[in-house]
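First the structure, in the form of structure tokens, and then the observations on it.
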Amino acid sequence: MRKRSSTALVSALISAAILAGVASAGLSDRWWSPGEDRDLPASISYENEYGSLTILNANGAVRTKGHPFFEPIGHNGRACVTCHQPSDAMSISVTTLRDRWAQTGGKDPVFAAIDGSNCPNLPQNERASHSLLLDKGLFRIFLPWPLKAPDGKAITPEFTIEVVKDPTGCNLHPVYGLQSKNPTISVFRRPRVVGNLKYVTQVDRIAMPFEVKSGEPLAVDPSTGERVSMNIMSDSREPTLRTQAANAALTHLQAHQGLTDAQLQQIIDFEQQLYVAQSFDRRAGDLTKAEGPPGLGPAAMLRGTPGILANGATNHLFGSFEAWSGSGADSADPGAAFKASVSRGAALFQTRTIWVRDVYNFNTLGVGNPQKRNCVGCHNMSMTGLDVAPGYMDLGTANLPHSEAGDDLPLFKLTCSPKAAPHPYLGRVIFTHDPGRALVTGRCREIGAITMQQFRGLAARAPYFSNGSAATLRDVIEIYDRRFDMKLTEQEIQDLTNFMSVL
Amino acid sequence: MIRLSLMLLLMINAAPASARNLSFLACPQLHDTSPNCWTAIYEGETYFIGAQRGPNDSYLPQMKHQVLVEGVVTDEPRICGGLVMKPLRVSVMPELDLSCDGPVLSGEGLTPPVLPARRPLASRPRDVVDGIGSFMRSEPPSPPYGVREFRIEFDYGTDILVDQMQKRVVEILIYATVSEARRISITGYSATSLLSNGTLLAEAEGLGEQRARKIGAILSNLGLTEPKIELAWVEAEEAPNGIDDAQRRRVTVVVTPAGE
Chain A
13 MRKRSSTALV SALISAAILA GVASAGLSDR WWSPGEDRDL PASISYENEY
63 GSLTILNANG AVRTKGHPFF EPIGHNGRAC VTCHQPSDAM SISVTTLRDR
113 WAQTGGKDPV FAAIDGSNCP NLPQNERASH SLLLDKGLFR IFLPWPLKAP
163 DGKAITPEFT IEVVKDPTGC NLHPVYGLQS KNPTISVFRR PRVVGNLKYV
213 TQVDRIAMPF EVKSGEPLAV DPSTGERVSM NIMSDSREPT LRTQAANAAL
263 THLQAHQGLT DAQLQQIIDF EQQLYVAQSF DRRAGDLTKA EGPPGLGPAA
313 MLRGTPGILA NGATNHLFGS FEAWSGSGAD SADPGAAFKA SVSRGAALFQ
363 TRTIWVRDVY NFNTLGVGNP QKRNCVGCHN MSMTGLDVAP GYMDLGTANL
413 PHSEAGDDLP LFKLTCSPKA APHPYLGRVI FTHDPGRALV TGRCREIGAI
463 TMQQFRGLAA RAPYFSNGSA ATLRDVIEIY DRRFDMKLTE QEIQDLTNFM
513 SVL
Chain B
1137 MIRLSLMLLL MINAAPASAR NLSFLACPQL HDTSPNCWTA IYEGETYFIG
1187 AQRGPNDSYL PQMKHQVLVE GVVTDEPRIC GGLVMKPLRV SVMPELDLSC
1237 DGPVLSGEGL TPPVLPARRP LASRPRDVVD GIGSFMRSEP PSPPYGVREF
1287 RIEFDYGTDI LVDQMQKRVV EILIYATVSE ARRISITGYS ATSLLSNGTL
1337 LAEAEGLGEQ RARKIGAILS NLGLTEPKIE LAWVEAEEAP NGIDDAQRRR
1387 VTVVVTPAGE
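As given, the protein sequences belong to chains A and B, one line each in that order.
So the numbering used here is basically just the index in the first sequence, starting at one, shifted up by 12.
So the numbering used here is basically just the index in the second sequence, starting at one, shifted up by 1136.
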């Protein structure tokens, strides 16, 4: 009862903010620098290309001074918030990064040499040294190779790695590369959304305690022994928010020493009460109206139940868009045509069948290759579009021949042992920009498998896919169209793009 | 044309299995019916080997791979133009075979299987969809507890647990827990299949050990650390007969409760 009242209050706050023209931060307020003494309000909205996004602090306003999420913990001056900006759905967009480069002459800690540049050895005052961050929003993720288990023991991988192309110079560098004293592989990935985390951390209750796809037990929380979702990171390497924060402090923030238990708990407590979603659209107006689709806006994320399996027909992925389905006939509403388009896009997402082909960890699950399925077949968790099961799959975003990541990313040739189970569709010699999950498990069949992301706040955080290979929402749709030969019409592409823009 | 580096392929002068038992390698075919159905052709005859949305006893075929089809031919009406086999085991061969990458074929004129009605998701408990999670919440076995053997079967050439076998492992976990098991004996087997054309298809050497170690590791990971776990393996020692070869790709787990 008390919770309901609290939720209603939050909803009222958001509505009031939107009616007031967005309780918005101006340009100068958009960027959250580490160490500032500010309040992150219970609800705050930020404009973006499509309208505005709202961040909801379910537990009320957060004072940033002294808060470990907002304080520069390491020696490079960064805080967690540096790469997880409220204006960008708690991720960070290329637009924001470019603005920040222009405003600071590249001196902001977000461009720290360690991972905010293509390689730390490059001249840090030159834009070209940060091209992957400024062009695609990609941070350098550097991982030991051969890989190590969480307990520090070496794991024998099933494959060897050769560097075919090294446009950043980091993988062949004598200090930072694969042949260095501390052999390291550098891949480049987008920061993921810190919000709506009750969905992201929801353990698959259907197959518990198994990770249904691999047939092995789910990973465990080292603190509690409980099974975890394996959906937090793009390679599922960190089991919990706690281990993620602890590791991020040491690597991305270059902290001299680990976070204390109290700091870690404060970070987790903050992250777990954050809800993120687009709340206003330039064409449709307020997305959170009671008479509109029920699944939009951050309050809906707060209200929602995680782990619900959507089936595309009766259990809608993001709630019903029926309220907007007839909007095309309502000439009095200037947003009517757009709303109708969104409604069609939602229906397409849930019901348009395609031949899903050659996707490791989908077609390999006994469903057949190919399988005729809709988008919800993989993006099946209600309210987020995450996979209810651990969602790492090889869609082809990282591996050739399907990857459209471009020539600015490193290209590796991985050769698997003849004794290893091969990648089911690429065999034992695989060219990839990012081995993904295989850098954690060492398994040949998992090369290029990347854990899918949630669909919320997309309008605020371009580009998309873990390697930033889709510059726009339309690009996302077109990549899928090409990958699966969907033969989408121009109207369908537009409807799907509009649908994704309001989430 | 076909690379089968994980297996030993031998030709011998073995007699074919019973006429009703059939075991063969083939490229799968997919038909655009509703539901989509899979067939395979062997010696000029078409066999039905699975349908999207099931029910299927095995995982479905995959393009770019041969399938090992093992089953017993029945007199039931054809499905999707194919003879029906019961029981039927379909294993996706691990190695790539790009000659098996055919187009989706027309389903015109074919009779697909009739699927059992599915309860709409919305009417089910919100967090349980007939999975292992619900299995774990079912009533545990009641005493008295005796020595009990469980059997975990595998597709050809792999140690991956399909979802039905994941449930079996949970069943073992529950039984060992409630019976306060003092010993768990795990024996892994690799096996050879006798194909209907007389070919012997042997799984990779060491796969029996790999399967045993994997089940042991999984049971330990799931919390069975108290009972003594004994591992053993048998590598392709049983003579294939073309009848029950699929059932020999297995791990047996014998649970000995306290007091036994």
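Glycine included, every Cβ here is placed at the ideal spot set by N, Cα and C.
Where do the ends of the beta strand (DSSP E) carrying residue 196/A lie? From DSSP, the beta strand (DSSP E) with residue 196/A extends over 196-201.
According to DSSP, is residue 498/A helix, strand or coil? coil
Please tell me whether residue 1292/B and residue 1227/B are closer than 7 Å, where the distance is taken between their beta carbons. yes
For residue 1299/B, go through chain A and note every residue whose CB falls closer than 9 Å to its CB, in chain order. 219, 222, 224, 227, 377 and 378
For residue 1287/B, the nearest candidate out of 1296/B, 1305/B, 1294/B and 1214/B (CA to CA): 1305/B
In chain order, what residues of the same chain have a beta carbon less than 6 Å from the beta carbon of residue 1365/B, not counting five sequence neighbours either side? 1320 and 1352
Touching or not, the stretch 329-338 of chain A and the stretch 353-371 of chain A, by the rule of three or more beta carbon pairs under 8 Å? yes
Residues near residue 454/A by beta carbon distance below 6 Å, same chain, minus five either side: 159, 167, 169 and 170
According to the Cβ coordinates, are residue 409/A and residue 246/A closer than 7 Å? no
Are residue 388/A and residue 362/A close, meaning C-beta to C-beta below 7 Å? Yes, these two residues count as a Cβ contact at 7 Å.
Interface flag, residue 140/A vs chain B, CB-CB below 7 Å: no
Under 9 Å from the C-beta of residue 436/A: neighbouring residues of chain B: 1198, 1200, 1201, 1228, 1230 and 1232
From the DSSP output, which residues share a beta bridge with residue 1229/B? Per the DSSP secondary-structure output, residue 1229/B pairs with nothing in a beta bridge.
Compute the Euclidean distance between the alpha carbons of residue 1398/B and residue 435/A, then round it to the nearest angstrom. What is shown of chain B runs 1137 to 1396, which leaves residue 1398/B out entirely.
Candidates 500/A, 396/A, 200/A and 215/A: closest to residue 316/A by CA position: 396/A
Sort 502/A, 61/A and 80/A by Cα distance to residue 270/A and report the nearest one. 80/A
Could you confirm whether any beta carbon from chain B is found closer than 7 Å to the beta carbon of residue 439/A? yes
If you measure from the CB of residue 1159/B, is any heavy atom of the ligand HEM nearer than 6 Å? Although the ligand HEM was asked about, the structure shown includes no ligands whatsoever.
Step through the CB atoms of chain B and report whether any lies within less than 7 Å of the CB of residue 381/A. yes
Could you spell out where the beta strand (DSSP E) holding residue 1181/B opens and where it closes? 1181-1187 is the extent of the beta strand (DSSP E) around residue 1181/B.
Going by other Cβ atoms of all chains shown within 10 Å of its Cβ, with 16 needed for buried, is residue 114/A buried or exposed? Classification of residue 114/A: exposed, given that the 10 Å Cβ count is below 16.
Min CB distance residue 433/A to chain B below 7 Å: yes
Could you tell me which of 1316/B, 1311/B, 1324/B and 1312/B sits nearest to residue 1294/B, measuring between CA atoms? Out of 1316/B, 1311/B, 1324/B and 1312/B, 1324/B has the C-alpha closest to the C-alpha of residue 1294/B.
Let me know the secondary structure DSSP gives residue 336/A once reduced to three states. If DSSP states are grouped into helix, strand and coil, residue 336/A belongs with the helices.
Quick check on the burial criterion: 16 or more other C-beta atoms within 10 angstroms. Buried or exposed for residue 318/A? So residue 318/A counts as buried.
Under 7 Å from the C-beta of residue 1174/B: neighbouring residues of chain A: For a Cβ distance threshold of 7 Å, residue set 380 of chain A lies close to residue 1174/B, ordered along the chain.
Just to make sure I have the definition right: I need the residues of chain A whose C-beta is within less than 8 Å of the C-beta of residue 1354/B. Which are they? 228 and 229
Alpha-carbon spacing of residue 354/A relative to residue 509/A, whole angstroms: 8 Å
Output yes if chain A places a C-beta closer than 7 Å to the C-beta of residue 1177/B; else output no. By this cut-off, residue 1177/B is not an interface position.
7 Å Cβ cutoff met for residue 285/A and residue 70/A: yes
Answer yes or no: does any C-beta atom of chain B fall closer than 7 Å to that of residue 384/A? yes
Distance check for residue 191/A and residue 165/A, CA to CA, integer angstroms please. Each residue's Cα considered, the two are about 20 Å apart.
Taking the alpha-carbon of residue 1195/B as reference, which of 1376/B, 1299/B and 1380/B has the nearest alpha-carbon? Of 1376/B, 1299/B and 1380/B, the residue nearest in Cα terms is 1299/B.
Quick one: using the 10 Å Cβ neighbour count with 16 as the cut-off for buried, is residue 400/A buried or exposed? buried
Just by C-beta distance, which residues in the stretch 350-377 of chain A are closer than 8 Å to chain B? The stretch 350-377 of chain A vs chain B, Cβ under 8 Å: 367, 369, 370, 375, 376 and 377.
Taking just the CA atoms, how far does residue 118/A sit from residue 137/A? 7 Å
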